[in-house]
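Visitor:
There are 2 protein chains.
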Amino acid sequence: MTRSSATAARLDSASGLVTTRERWPGDTLARVDQADRGNGPCGHCDLGTLAFCDGFARRTVTSLMRVQCTLRFEAHDTLFREGDTGVAVFNVVSGAVKVYKLMPDGRRQITGFFFRGDMFGFCLDGDYAYTAEAVTPLSVCRLPMQRLHELSETAPEVQHRILLRMTAKLAQFHDHVLLLGRKTARERVATFLLALSERARRRGDPASPIPLAMGRVDIADYVGLTVETVSRTMTAFKREGLIDLPSPNHVAIPDTQALRAASDGSA
Amino acid sequence: MTRSSATAARLDSASGLVTTRERWPGDTLARVDQADRGNGPCGHCDLGTLAFCDGFARRTVTSLMRVQCTLRFEAHDTLFREGDTGVAVFNVVSGAVKVYKLMPDGRRQITGFFFRGDMFGFCLDGDYAYTAEAVTPLSVCRLPMQRLHELSETAPEVQHRILLRMTAKLAQFHDHVLLLGRKTARERVATFLLALSERARRRGDPASPIPLAMGRVDIADYVGLTVETVSRTMTAFKREGLIDLPSPNHVAIPDTQALRAASDGSA
DNA sequence: CGCAAGTTTGATGGTGCTCAACCATAGTGG
DNA sequence: CCACTATGGTTGAGCACCATCAAACTTGCG
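Residue numbers (this note's numbering), protein chains in the order written: chain H, 1 to 267; chain P, 1001 to 1267.
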């Protein structure tokens, strides 16, 4: 069974897991997953070494377990909105998340995609600066920022790990700003596909037939182009043999070096 | 006297301060300022509450003082380059810094400007992801990242403060990505000028006749346009009465709301 | 089968880039 | 004191790239 009773199913039990409605602000769509199942350090997820709590002292992991909360969302569900008071950070257990900002006239810029093992929703004081929305069915591990802060008094490694994640994200932003500010349409699309491929490789997944979790519109709103330009560019790449598109949502990269050349204009 | 013997002066004593050549990698241009003069918590700068060490426990401040180092640069000096191993973070005491990435064919994207009180050069493991260059004569407080990390074992507030700075920077990046990905030339320039004005206001400086520390080329490379477009846009704003340009390096904003309307297309 | 959503393709036009010249200011040396 | 130069900023003409508008195609689903 996939889901027989549509919206209602999301609020009570489904897929054999005990779930309850979540009470936190903005989380009306979330289902809380109370089942323990996973090889992760805290037993609540199967992220293994990708888990936020991986490698922490037993005591620290226990503290995190107590405040941790695994949530599930459907595609297109909103996790939180720009302007909501930021109270928690999220770790993606499975699925994909997009994070975006809107302009008054509806223009949208996606500022990040997050996949298995990624952390998002950094906020210390103040509100979320962006909206987070599930791209696919999604499972996330939520950690209240306040408790993380308290915990870091006694366990500085917690804060240090957040620092590491944020540093990585900052470096990513520098690259993305370069892409948006100075790259051509071809270079943007090539860079985007390469980044997905690189990421897959780093995670041990095959680097070449990569699945595209997001649609063309989302890609466009991420690389600062229109759907049409993204589509045209990808078919152009296909014509030129730079990529193959077995299906609209799968991209094969026969020659990484060639695509890399296309990604910075050295082609 | 301003400076009589040009380049040589930079390497020995100048302006009445005892200076020596700095030995750290990439810092061949820096002069180390060994004079104590300032109202800051550690006595090495006059940043006051803007100082990184402001509000820390006496013991923590002392630790920071011992590893701290105040450096001076001339405009166009390079502090560090993309690819250099990242060993320290910097706090701007006076002057302005730009941080940028280059593409193989010379295209440049400035990813940030930093002014009095700003912190840059975050790096944990690995290399700097960008080049940092002085825009004006510059004075910075350098803190070795390694010691900050060690210090945070006993003083978690150190790491927490870095976290705060990084969170702010992340939020800025979200805004800037929106600007680069989705805004028109007019909106970009308006947003840039408003951000400078806002910043001045927050720091207690007058919000309206704001000095432009950087040239048109730098502005263009920051907002993802060409010099010509930036120049044209600014004179257009002047024609329309949105701004005034008493000199090329000073912008007056008669009506903030009007400029704000121009910054997000609600005009 | 018909509909909806997503993707692709086509025709056309506008925004901002390119190339080029001109102007303003400050510094330099005769 | 005044060319002379260098640097940075402004202005103009033409064009390219990508956005816009429009329509056809594909796929999945009721």
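Just so you know, even glycine gets a beta-carbon here, dropped at the ideal spot from N, CA and C.
(1) Within the same chain, show all residues whose beta-carbon is closer than 6 angstroms to that of H/F52, passing over the 5 residues directly before and after it, in chain order.
(2) Given a threshold of 16 other Cβ atoms within 10 Å of its Cβ, counted over all protein chains shown, does H/P25 qualify as buried or as exposed?
(3) For the 8 angstroms Cβ check, are there 3 or more pairs between the segment 213–231 of chain H and the segment 99–114 of chain H?
(4) Taking P/V1099 as part of the beta strand (DSSP E), name the residues at either end of that continuous run.
(5) Going by Cα to Cα distance, which pick from H/A75, H/H250, H/E187 is closest to H/L138?
(6) Tell me which residues of the segment 1148–1178 of chain P have at least one Cβ-Cβ distance to chain H shorter than 8 angstroms, keeping chain order.
(7) Determine the DSSP secondary structure at H/G181, reduced to helix, strand or coil.
(8) Skipping 5 residues on each side, what residues in its chain have a beta carbon closer than 6 angstroms to that of H/F237?
(9) So, does the CB of H/M119 fall closer than 8 angstroms to a CB anywhere in chain P?
(10) Do the segment 144–158 of chain H and the segment 49–68 of chain H meet, that is, are 3 or more Cβ pairs less than 8 angstroms apart?
(11) Quick check on P/I1253: does DSSP put it in helix, strand or coil?
(12) Under DSSP, the beta strand (DSSP E) around P/V1061 begins and ends at which residues?
(13) For H/A195 and H/F113, I'd like the C-alpha separation in whole angstroms.
(14) Output, in chain order, the set of chain P residues within a Cβ distance shorter than 7 angstroms of H/A129.
(15) Apart from the five residues on each side of it in sequence, which residues of its chain come closer than 6 angstroms, Cβ to Cβ, to P/I1210?
(16) Quick one: list the residues of chain H neighbouring P/Q1146, beta-carbon separation under 7 angstroms, in chain order.
(17) Quick one: list the residues of chain P neighbouring H/M214, beta-carbon separation under 7 angstroms, in chain order.
(18) Check whether the Cβ of H/L180 lies closer than 8 angstroms to any Cβ atom in chain P.
(19) Are the C-beta atoms of P/L1196 and some chain H residue less than 8 angstroms apart?
(20) Classify P/D1125: buried if its beta carbon has 16 or more other beta carbons within 10 angstroms, exposed otherwise.
(21) Just the Cα atoms here: how many angstroms apart are P/R1216 and P/R1116?
(22) Return the bridge partner residues of H/A134 from the DSSP annotation.
(23) Let me confirm a value: H/D255 is counted as buried when at least 16 other C-beta atoms fall within 10 Å, else exposed. Which label applies?
(24) Three-state secondary structure (DSSP) at H/S247?
(25) Is the beta carbon of P/L1179 sitting closer than 8 angstroms to the one on P/T1167?
(26) Taking the C-alpha atoms as reference points, what is the distance between P/A1171 and H/M145?
(27) Any beta carbon from chain H within less than 8 angstroms of P/R1081's own beta carbon?
(28) Looking only at its own chain, which residues have a Cβ that is under 7 angstroms from the Cβ of P/T1136, when we skip the five neighbours before and after it?
(29) Answer yes or no: does any C-beta atom of chain H fall closer than 8 angstroms to that of P/L1124?
(30) What's the gap between the Cα of H/V189 and the Cα of H/D105?
Guide: By the coordinates alone:
(1) On the first sequence, residue 52 of chain H is found 52 positions in, with the first residue counted as 1. Only residues of its own chain outside the window of five on either side were considered, and among them N91 have a CB closer than 6 angstroms to the CB of H/F52, listed in chain order.
(2) Within the first sequence, the letter at position 25 stands for residue 25 of chain H. Because the pLDDT at H/P25 is just 41, under 50, the model does not fix this residue reliably, and the point stays unresolved.
(3) yes
(4) Counted from its first residue, the second sequence places residue 1099 of chain P at position 99. Unbroken beta strand (DSSP E) run through P/V1099: 1097–1102.
(5) Looking up residue 138 of chain H in the first sequence gives position 138. Nearest option by C-alpha distance: H/A75.
(6) H1149, S1152, E1153, P1156, Q1159, H1160, I1162, L1163, L1164, M1166, T1167, K1169, L1170, A1171, F1173, H1174, D1175, H1176, V1177, L1178
(7) For the purposes of this step, residue 181 of chain H is identified with residue 181 of the first sequence, where counting begins at 1. Here DSSP, grouped into helix, strand and coil, assigns H/G181 to helix.
(8) Translated into the one-based positions of the first sequence, residue 237 of chain H becomes position 237. If we look at H/F237 and ignore the five residues flanking it on each side, its Cβ neighbours are I243.
(9) Mapped onto the first sequence, residue 119 of chain H falls at position 119. Taking Cβ atoms only, chain P never reaches closer than 8 angstroms to H/M119, which makes this a no.
(10) yes
(11) Position 253 of the second sequence holds residue 1253 of chain P. In the structure shown, P/I1253 sits in coil (DSSP, three-state: anything other than H, G, I, E or B).
(12) Position 61 of the second sequence, counted from the start, is the residue given in the question as residue 1061 of chain P. P/V1061 -> not in any beta strand (DSSP E); alpha helix (DSSP H) instead, spanning 1058–1067.
(13) The residue labelled residue 195 of chain H in the question sits at position 195 within the first sequence. The residue labelled residue 113 of chain H in the question sits at position 113 within the first sequence. So the two alpha carbons sit approximately 11 angstroms from each other.
(14) As a first step, residue 129 of chain H is located in the first sequence; it is residue number 129 there, counting from the start. Per Cβ cutoff of 7 angstroms: A1171, H1174.
(15) Against the second sequence, residue 1210 of chain P aligns to sequence position 210. The answer, listed in chain order, is L1196, S1197, A1200, V1251.
(16) Translated into positions along the second sequence, residue 1146 of chain P becomes position 146. Ordered by position in chain H, no residue passes the 7 angstroms Cβ test against P/Q1146, which lies about 13 angstroms from the chain.
(17) Your numbering for residue 214 of chain H matches position 214 in the first sequence. Near H/M214 there are no residues of chain P at all, since even the closest Cβ is about 15 angstroms away, more than 7 angstroms.
(18) The count along the first sequence starts at 1 and reaches residue 180 of chain H at position 180. It does; some Cβ of chain P falls within 8 angstroms.
(19) Walking along the second sequence from the start, residue 1196 of chain P turns up at place 196. For P/L1196, the answer is no, since every Cβ of chain H falls outside 8 angstroms of its Cβ.
(20) To locate residue 1125 of chain P, count along the second sequence from 1; it is residue 125. Its Cβ having fewer than 16 others within 10 Å, P/D1125 is exposed.
(21) Position 216 of the second sequence, counted from the first residue, corresponds to residue 1216 of chain P. Position 116 of the second sequence, counted from the first residue, corresponds to residue 1116 of chain P. One C-alpha to the other measures close to 21 angstroms.
(22) Counted from its first residue, the first sequence places residue 134 of chain H at position 134. Bridge partners of H/A134: H/V97.
(23) The residue given as residue 255 of chain H occupies position 255 in the first sequence. Per the 10 Å Cβ criterion, exposed.
(24) By 1-based counting over the first sequence, the position of residue 247 of chain H is 247. Note: H/S247 maps to strand in three-state DSSP.
(25) Here residue 1179 of chain P refers to the residue found at position 179 of the second sequence. Here residue 1167 of chain P refers to the residue found at position 167 of the second sequence. Cβ atoms of P/L1179 and P/T1167: not closer than 8 angstroms.
(26) By one-based count along the second sequence, residue 1171 of chain P stands at place 171. By one-based count along the first sequence, residue 145 of chain H stands at place 145. Cα to Cα, the separation comes out at about 16 angstroms.
(27) Position 81 of the second sequence holds residue 1081 of chain P. No, no contact with chain H.
(28) In the second sequence, residue 1136 of chain P corresponds to position 136, counting from 1. Answer for P/T1136: A1075, G1095, A1096, A1213, listed in chain order.
(29) On the second sequence, residue 1124 of chain P is found 124 positions in, with the first residue counted as 1. Yes, because at least one Cβ of chain H sits closer than 8 angstroms to the Cβ of P/L1124.
(30) For this step, residue 189 of chain H is matched to residue 189 along the first sequence. For this step, residue 105 of chain H is matched to residue 105 along the first sequence. Rounded to whole angstroms, H/V189 to H/D105 spans 25 angstroms at the Cα level.
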